[in-house]
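There are 2 protein chains.
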Amino acid sequence: MSTRPEVSLAQRKRELVSNELTEAALQLLALKGFDGVTIDEIAAAAGVSKRTFFRYFASKEDVVVQFLAEMGAGIRTELAGRPAGEPPSVALRHSVSVSVAACAGHSDRALRVVQLILGTPALHARFLERQAHWRDELATELAHRLDLDRATDLYPQLAAGMALTAFDTVLQRWSGSDGAEDPAVLSDRAFAIIAPALDRAAQA
Amino acid sequence: MSTRPEVSLAQRKRELVSNELTEAALQLLALKGFDGVTIDEIAAAAGVSKRTFFRYFASKEDVVVQFLAEMGAGIRTELAGRPAGEPPSVALRHSVSVSVAACAGHSDRALRVVQLILGTPALHARFLERQAHWRDELATELAHRLDLDRATDLYPQLAAGMALTAFDTVLQRWSGSDGAEDPAVLSDRAFAIIAPALDRAAQA
DNA sequence: CGCGCCTTGACACCAAGTGCCATGCAGGGC
DNA sequence: GCCCTGCATGGCACTTGGTGTCAAGGCGCG
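Protein chains in written order, with numbering that gives the first Met the number 0: chain A, 0 to 203; chain B, 0 to 203.
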């Protein structure tokens, strides 16, 4: 077969169902709002049962939030790939910019998903919680990069938090302007503001 | 009667029930964990019905999170009260320090509540969402203080976000050390790191 | 062919919320 | 004193998110 033989049929089937589910969910949720759609509806639209839905996603929020989950890992791996000598502000700016650009460029669906998240308290809450995990991972990566001790030094945690604050602000502006404002420009402006703390404090 | 007559009896009754409810909730939740307690249990412990519980709190998370809600408003009013000439880093540091100190000094119950929140994903999510509101209000206050335009300038939003990141980090350390580390010291250390961005960018 | 593994659907079940209505209690006017 | 109005409550039914359990079906493998 032309499709990679090293991936088992069962796994490809799993992925197919998962895609069908997210597809149906995003479509319906964007159309009727988060509370206007039941899980049964989503499952039915994807041609599976409610029980199966929960075998793929832990909660209703999860379908939406997991759609953006790759971004978190993306930022971290991007950061890990930056040259070692680069100042934190530059490394972090690139890491965030690349990820947000990848998301924004993907399709205008990303925009609608972000707007849905930011406009739905329950989704926003879950999204922020996931961001908290990103922050932790970013902090670890930063500590490793700069050879700092996370247990005593507050810098890694704060720097990661600042970078994600910038990320958040960019997302908010971007979705608020209906995609009109350029995420890359917004990122640069945001990081220009927080950079003094990112770099000056690193060598303290 | 000695109790202020300008407050109607009905209102005092409402407050009494509300207190009873939070009391019962915090006690039970700290004891058996967030998922180990049902609303019926909490309501029964407070001597009311489940239906009445939801007339006082919007959700199970709300009881816990609202217990710390005053802090958000506290930070903002504290900021509003700082002298106009004060640099943002100092004003924000004081605003956050005072609020967190008020919380920490209140009782060791505050510590247990914070630990409960940070250790329970559902609660943490709600807490972060509430913080997002604080950030918005703080940003507005900052924009007003510095006579900036929130619609164009990214600084207010970012500065508020950085301050709350510091706040978050302090809370995390404080709860992680079981209250051993001094919140005031932690706040100072955190703000020392973010201050360069807070002050330098303000006059850009 | 027959044997296990994995996925699914169906069903029952619990807990979070919500709408609705009846009841009871306080205060205010007559 | 009596009624009437407003409000807080409780009980109840109902929807929905989410989970445990079990039986049935497809698929690979010897």
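Cβ coordinates follow ideal geometry from the N, Cα and C atoms, glycine included.
- Within the region 84 to 99 of chain A, contact with chain B at the beta-carbon level (separation under 8 angstroms) is assigned to no residue.
- For A131/A, the chain B residues whose Cβ falls inside 9 angstroms of its Cβ are H123, A124, L127, D167, in order along the chain.
- A direct Cα-to-Cα measurement between G175/A and D61/A gives close to 23 angstroms.
- For I193/A, same chain residues with a beta-carbon under 8 angstroms away, outside a window of 5 residues either side, are S88, M161, A162, T164, A165 in chain order.
- With fewer than 16 other beta carbons inside 10 angstroms of its own, K49/A counts as exposed.
- With a cutoff of 8 angstroms on beta-carbon distance, F56/B and L122/B are scored as not near each other.
- Spatial neighbours of M70/B in its own chain (CB-CB distance under 7 angstroms, excluding positions within 5 residues in sequence) are listed in chain order as S98, C102.
- Against chain A, the CB of T119/B has no partner CB under 8 angstroms away; the residue lies outside that interface.
- Excluding the 5 residues flanking it on each side, R125/A has same chain C-beta neighbours closer than 7 angstroms at E60, V64, in chain order.
- L25/A sits close to R108/A, with the two beta carbons spaced by under 8 angstroms.
- The straight-line gap separating the alpha-carbon atoms of R92/B and A72/B is approximately 15 angstroms.
- Assignment of P87/B by DSSP, reduced to helix, strand and coil, places it in the helix class.
- L28/A is positioned such that its CB atom lies closer than 8 angstroms to that of V36/A.
- When C-beta atoms of the region 104 to 118 of chain A are compared with those of the region 167 to 174 of chain A, three or more pairs fall below 8 angstroms, so the two segments count as touching.
- Among the CB atoms of chain A, none fall inside 8 angstroms of the CB of T151/B.
- Taking 7 angstroms as the upper bound on Cβ-Cβ separation, chain A lies near residues Y154, Q156, L157, G160, M161, T164, A165 of the region 154 to 165 of chain B.
- Just so you know, the alpha carbons of T51/A and R11/A end up roughly 16 angstroms apart.
- Non-local C-beta neighbours of D198/B in its own chain, meaning closer than 8 angstroms and more than five positions away in sequence, comprise P86, P87, S88, ordered along the chain.
- Around I192/B, the beta-carbon contacts reaching into chain A at under 7 angstroms are L153, Y154, L157, A196, A200.
- A distance of 8 angstroms or more separates the beta carbons of A68/A and L78/A.
- Per DSSP, the unbroken alpha helix (DSSP H) holding T51/A starts and ends at 49 to 55.
- Look at the region 176 to 192 of chain A: the residues with a C-beta under 9 angstroms from a C-beta of chain B are L185, R188, A189, A191, I192.
- Counting the other CB atoms within 10 Å of its CB gives S186/B a total of 16 or more, which places it among the buried residues.
- Secondary structure note for T151/B: it is in no alpha helix (DSSP H), with a DSSP letter that is neither H nor E.
- As for any alpha helix (DSSP H) of minimum length 4 sitting wholly inside the region 81 to 147 of chain A, the runs are 87 to 105, 107 to 118, 120 to 145, ordered along the chain.
- Taking the Cβ atoms as the reference, T119/A lies roughly 14 angstroms from F66/A, outside the contact range of under 8 angstroms.
- Within the same chain, Cβ atoms closer than 8 angstroms to the Cβ of R149/B are found at A138, T139, A142, P155, Q156, the five residues on either side in sequence being excluded.
- Annotation: L117/A to D177/A spans about 12 angstroms, alpha carbon to alpha carbon.
- Note on geometry: alpha-carbon atoms of A159/A and T151/A lie some 16 angstroms from one another.
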